[in-house]
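Notes follow once the structure below has been shown.
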Amino acid sequence: MELIYVAAAIMMGLGGMGAAIGVGILGGKLIEGSARQPELAPKLQGTFFLGAGLVDAIPIIGVGIAMYLIFVVAG
Amino acid sequence: MAANGDSQTVSEYIVHHLTNLTYGKLPEGFERYDGSVVQAGGQWTMAHGADEITAMGFNAIHVDSMIWSVGLGIIFCWLFRRVAVRATSGVPTGLVNFVEMIVEFVDGTVKDTFHGRNPLIAPLALTIFVWVFLILMDLIPVDLIPHSLMLAGVEYQKIVPSTDPNITMGMAIGVFVLMLFYSIKVKGFGFVKELTLNPFHHPLFIPVNLFMEVVGLLAKPFSLGLRLFGNMYAGEMIFILIAALFSVGVFWLLPAALLQIGWAIFHILVITLQAFIFMVLTIVYLSMAHEDH
Numbered sequence: 006m007e008l009i010y011v012a013a014a015i016m017m018g019l020g021g022m023g024a025a026i027g028v029g030i031l032g033g034k035l036i037e038g039s040a041r042q043p044e045l046a047p048k049l050q051g052t053f054f055l056g057a058g059l060v061d062a063i064p065i066i067g068v069g070i071a072m073y074l075i076f077v078v079a080g
Numbered sequence: 010m011a012a013n014g015d016s017q018t019v020s021e022y023i024v025h026h027l028t029n030l031t032y033g034k035l036p037e038g039f040e041r042y043d044g045s046v047v048q049a050g051g052q053w054t055m056a057h058g059a060d061e062i063t064a065m066g067f068n069a070i071h072v073d074s075m076i077w078s079v080g081l082g083i084i085f086c087w088l089f090r091r092v093a094v095r096a097t098s099g100v101p102t103g104l105v106n107f108v109e110m111i112v113e114f115v116d117g118t119v120k121d122t123f124h125g126r127n128p129l130i131a132p133l134a135l136t137i138f139v140w141v142f143l144i145l146m147d148l149i150p151v152d153l154i155p156h157s158l159m160l161a162g163v164e165y166q167k168i169v170p171s172t173d174p175n176i177t178m179g180m181a182i183g184v185f186v187l188m189l190f191y192s193i194k195v196k197g198f199g200f201v202k203e204l205t206l207n208p209f210h211h212p213l214f215i216p217v218n219l220f221m222e223v224v225g226l227l228a229k230p231f232s233l234g235l236r237l238f239g240n241m242y243a244g245e246m247i248f249i250l251i252a253a254l255f256s257v258g259v260f261w262l263l264p265a266a267l268l269q270i271g272w273a274i275f276h277i278l279v280i281t282l283q284a285f286i287f288m289v290l291t292i293v294y295l296s297m298a299h300e301d302h
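Going down the list, the sequences are from chains A and B. The first sequence begins at 6 in this note's numbering and counts up by one. The second sequence begins at 10 in this note's numbering and counts up by one.
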């Protein structure tokens with residue numbers, strides 16, 4: 006039964022790492038793009054949020070499943 | 010499962026708040042929560058616990074999700090219709106202003122992204138955006154409605170329909186069906202050609218192409234539905250966990266209240282973002298289905 010906690014921890018950890026790196030790269034590109042063309046900044050920001058939501062999708066699904074494992078499956 | 014009146018442990022509290030009100034058919038011979046055994050022919054009833062829900066199988070309905078989702082949809086239609094009837098060409102104020110803002114925003118997004126001709130897309134986008142946005146229901150304090158309903162005799166309740174994977178996958182499958190319908194309607198046989206001759210343009214590679222394209226095609230509704238579900242479920246879970254923190258001790262009351270407020274503010278952003286993403290992805294997929302080279 007204890008292995009379920011380890012499994013959930015690995016799911017959340019790896020997912021979080023992937024999401025953080027992905028959104029970090031995206032944010033860096035946003036800052037760079039805004040610095041080059043400040044008039045495009047609002048549009049770039051909108052696209053950034055869209056991209057962040059897409060990058061976050063699988064890690065958040067992983068977090069949801071991991072929480073389900075911890076609280077509902079493992080009692 | 011703790012009976013009413015006993016003190017529950019934290020996990021029981023959490024599990025209780027994560028259970029939907031399920032209506033289904035129990036198989037015969039099944040021993041119920043209160044000790045009675047189901048007679049022959051099965052019995053249609055509300056579930057009383059997690060193992061009863063599992064025994065009901067696939068043909069069980071989550072009554073609370075259905076009522077909340079249909080109810081919120083009706084409220085949205087009624088509200089927007091009332092405003093639309095009152096709209097004049099003068100300067101809008103108040104509720105009319107708010108509704109116009111939303112409609113203009115959705116209209117702008119559809120115009121930017123959709124390259125075909127279809128009067129269905131913009132209203133569909135508006136419906137998806139506003140309905141998902143009504144997940145603001147998530148911000149009502151965790152115990153308020155479920156506890157009042159429990160006093161009225163309804164034992165389980167989850168008031169946010171998007172935390173039910175059935176609802177989100179249902180919406181995603183609806184979008185998928187629309188995608189297929191418009192692909193076949195606009196492209197005809199070209200749709201099959203597209204599935205079988207991309208990316209390798211040689212007839213010999215048809216099985217490989219078909220496999221890759223079908224996987225890509227199926228990934229779309231799957232990820233669409235599960236993304237919304239994952240976000241909402243994780244958010245609800247954290248609300249429940251912080252709520253469980255209230256029971257630890259008097260010292261924790263103030264930090265727990267601050268945490269609830271902080272997480273609620275962050276969750277508003279998440280809900281808006283997820284509604285926006287669901288809408289934009291729907292428009293993009295339908296736009297891809299309308300592409301006529």
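Where is the CB? At the ideal position from N, CA and C, for every residue including glycine. Small disclaimer: the values here were computed from a predicted structure and weren't measured.
**Item:** is_contact[ILE137/B, chain A] using C-beta, thresh 8 Å
**Value:** no
**Item:** Three-state secondary structure (DSSP) of HIS71/B
**Value:** strand
**Asked** Among ILE247/B, GLY103/B, GLY179/B, which one has its Cα closest to the Cα of GLN269/B?
**Response** ILE247/B
**Prompt:** alpha helix (DSSP H) containing ASP121/B: first to last residue?
**Reply:** 103 to 122
**Prompt:** Counting pairs of Cβ atoms below 8 Å between the region 287 to 295 of chain B and the region 181 to 194 of chain B, do you hit three or more?
**Reply:** yes
**Message:** Check for me: the alpha helix (DSSP H) holding ARG236/B runs from which residue to which?
**Reply:** 215 to 254
**Request:** Anything in chain B within Cβ reach of VAL68/A, meaning under 8 Å, just list it in chain order.
**Result:** GLY239, ALA243
**Item:** chain B contact for GLY32/A (CB, 8 Å cutoff)
**Value:** no
**Message:** Helix, strand or coil for GLU300/B? Go by DSSP, reduced to three states.
**Reply:** coil
**Message:** Less than 8 Å between CB atoms is the rule here; does LEU55/A satisfy it with respect to chain B?
**Reply:** yes
**Asked** When the cut-off is 8 Å and only beta carbons count, does VAL257/B lie next to chain A?
**Response** no
**Prompt:** So GLY234/B packs on MET288/B, CB below 8 Å; how close in whole Å?
**Reply:** That belief does not hold up - the Cβ atoms of GLY234/B and MET288/B are roughly 14 Å apart, past 8 Å.
**Message:** Does any residue of chain A have a CB that is nearer than 8 Å to the CB of GLN283/B?
**Reply:** yes
**Residues from the region 211 to 242 of chain B in contact with chain A, defined by Cβ distance under 8 Å** = SER232, LEU235, ARG236, PHE238, GLY239, ASN240, TYR242
**Message:** Using a Cβ-Cβ cutoff of less than 6 Å, which residues in the same chain neighbour MET110/B once the five nearest sequence positions on both sides are dropped?
**Reply:** none
**Prompt:** Considering only residues of the same chain and omitting the five flanking positions on each side of HIS302/B, which have a CB-CB separation below 6 Å?
**Reply:** Summary for HIS302/B: the model assigns pLDDT 47, below 50, so the residue's position carries little reliability; its value from the coordinates is reported in the next sentence. Nothing listed; no residue qualifies.
**Request:** Would you please verify whether the beta carbon of VAL289/B is less than 8 Å from any beta carbon of chain A?
**Result:** yes
**Item:** For ARG126/B, three-class secondary structure by DSSP
**Value:** coil
**Request:** Let me know if TRP140/B comes out buried or exposed under the rule of 16 or more other beta-carbons within 10 Å of its beta-carbon.
**Result:** buried
**Item:** Whole-number beta carbon distance between GLY239/B and VAL68/A, since they are thought to touch under 8 Å
**Value:** 7 Å
**Item:** Nearest candidate by alpha-carbon position, reference ALA57/A, set VAL28/A, MET16/A, ALA13/A
**Value:** VAL28/A
**Request:** Using a Cβ-Cβ cut-off of 8 Å, state whether MET246/B counts as contacting chain A.
**Result:** yes
**Item:** Where ILE36/A falls, given that 16 or more other Cβ within 10 Å makes a residue buried
**Value:** exposed
**Item:** Cβ-Cβ distance between GLY21/A and PRO64/A below 8 Å
**Value:** yes
**Request:** Identify, in the order they occur along the chain, each residue of the same chain with its Cβ nearer than 6 Å to the Cβ of TRP6/B, setting aside the five sequence neighbours on each side.
**Result:** Chain B is shown only over 10 to 302; residue 6/B falls outside these bounds and no answer can be derived.
**Prompt:** What in chain A is Cβ-close to ILE111/B, meaning under 7 Å?
**Reply:** By Cβ distance, chain A contributes nothing, its closest Cβ being about 16 Å from ILE111/B, past 7 Å.
**Message:** Do ALA62/A and MET16/A count as a contact pair if the criterion is CB distance below 8 Å?
**Reply:** no
**Prompt:** Between ILE137/B and VAL119/B, is the Cβ-Cβ spacing less than 8 Å?
**Reply:** no
**Prompt:** Using the C-alpha atoms, what's the distance from HIS299/B back to GLU222/B?
**Reply:** 17 Å
**Prompt:** Can you tell me the Cα-Cα spacing of LEU204/B and ASN218/B, whole angstroms?
**Reply:** 7 Å
**Message:** Counting only C-beta atoms, is ILE280/B closer than 8 Å to chain A at any point?
**Reply:** no
**Message:** Given this structure, state the Cα-to-Cα distance separating GLY225/B from LYS196/B, to the nearest angstrom.
**Reply:** 18 Å
**Asked** Looking at C-alpha atoms only, which residue of THR172/B, GLU113/B, GLY125/B, PHE123/B is the closest neighbour of TRP77/B?
**Response** THR172/B
**Request:** Evaluate GLY244/B with the Cβ neighbour count: other Cβ atoms within 10 Å of its Cβ, from every protein chain shown; 16 or more gives buried, anything less gives exposed.
**Result:** buried
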